[in-house]
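In what follows, a single structure is set out as structure tokens and then discussed.
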């Protein structure tokens, strides 16, 4: 008998791109076994043609849902009905709801009320209520972007010949042109992105501090596993990959607000503890 949790993956094809399919399945596999893999949409629509090429090779079952009325999302209703049918079947321990649509907020809450583990997946545009209704939430576009960056770095040659330096007036003219071009570049989007990220990190630090103060021992130390577990419960959208990291401990250390203590554990392993500086 399998000891891993069983999940139903339900994908809203209307607002999720097929380029995320591998990420969706990999993230679900990290949490358990995919018992159901279904994707919903109007497959007579040319908009979903790109999805058709990846369904068969990934064993995802397309569920046809016609758009009976303009302006009404019949796909959402179909997902909700199927989710409740699967819930009452008793065949799963959790659900992966893949959508950036807030219409699934109540569904996520209802599934959790029934003791289900709910993992949400969508893009950064996903409304906060849906994110908060899930046990965990994965930003597919951020994970995809990080993967693309890593693949690009791997393809680049390890040793590249440095560009030849020009001298004299030509070099000075080139530098002046580069500075001028840089000054002309619109900076609003970069500032907005940087400001938003710093705001998120500020909230992460605040949450981490609250967790450590609540659960630490008399000397202020808290086991990293406990910290990570509590952080995911309080911030479902938290994922170290959102900040360019692959592991939890290096991310916490990068914040610069915490002391680290490595302690020996059974089997020759090491446990990491954190304390507020």
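Numbering (our numbering), first residue to last: 125 to 401. For glycine and all other residues, C-beta sits at the position ideal for the given N, C-alpha and C. Source: prediction; values computed, not measured.
Per DSSP, the beta-bridge partners of residue 399 are 383.
Only residues of its own chain outside the window of five on either side were considered, and among them none has a CB closer than 6 Å to the CB of residue 274. Per DSSP, the unbroken alpha helix (DSSP H) holding residue 271 starts and ends at 264-279. Between residue 398 and residue 383 a beta carbon distance of about 7 Å is seen, short of the 8 Å cut, so the two are scored as contacting.
Look at the beta carbons and you see the stretch 172-191 touching the stretch 140-153: at least three pairs across the two are nearer than 8 Å. Per the Cβ contact rule, the stretch 128-136 is in contact with the stretch 212-220 (3 or more Cβ pairs under 8 Å).
DSSP places residue 252 in the uninterrupted alpha helix (DSSP H) bounded by 252-257. Here the alpha carbon of residue 343 sits roughly 45 Å from the alpha carbon of residue 215.
In the three-state reduction of the DSSP assignment, residue 242 falls in the strand class. Residue state for residue 159 is assigned as strand, using DSSP reduced to three classes. Residue 218: not part of any alpha helix (DSSP H); member of the beta strand (DSSP E) spanning 218-222, first to last residue. When DSSP reads this structure, residue 164 sits in a beta bridge with 136, 187.
Distance from residue 224 to residue 262 at the Cβ level is roughly 12 Å; contact not present, criterion being Cβ atoms closer than 8 Å. The Cβ neighbour count for residue 339, taken over all protein chains shown within 10 Å, is under 16; the residue is labelled exposed.
Taking C-beta atoms as the reference points, residue 368 and residue 270 count as a pair closer than 9 Å.
Cβ neighbours of residue 364 within its own chain (closer than 6 Å, five residues either side excluded): 372, 375. For residue 265 and residue 400, the gap between their C-alpha atoms comes out near 32 Å. Rounded to whole angstroms, the gap between the alpha carbons of residue 235 and residue 348 is 29 Å. Inside the stretch 335-397, DSSP marks whole alpha helix (DSSP H) runs of 4 or more residues at positions 348-358, 372-378, from first to last along the chain.
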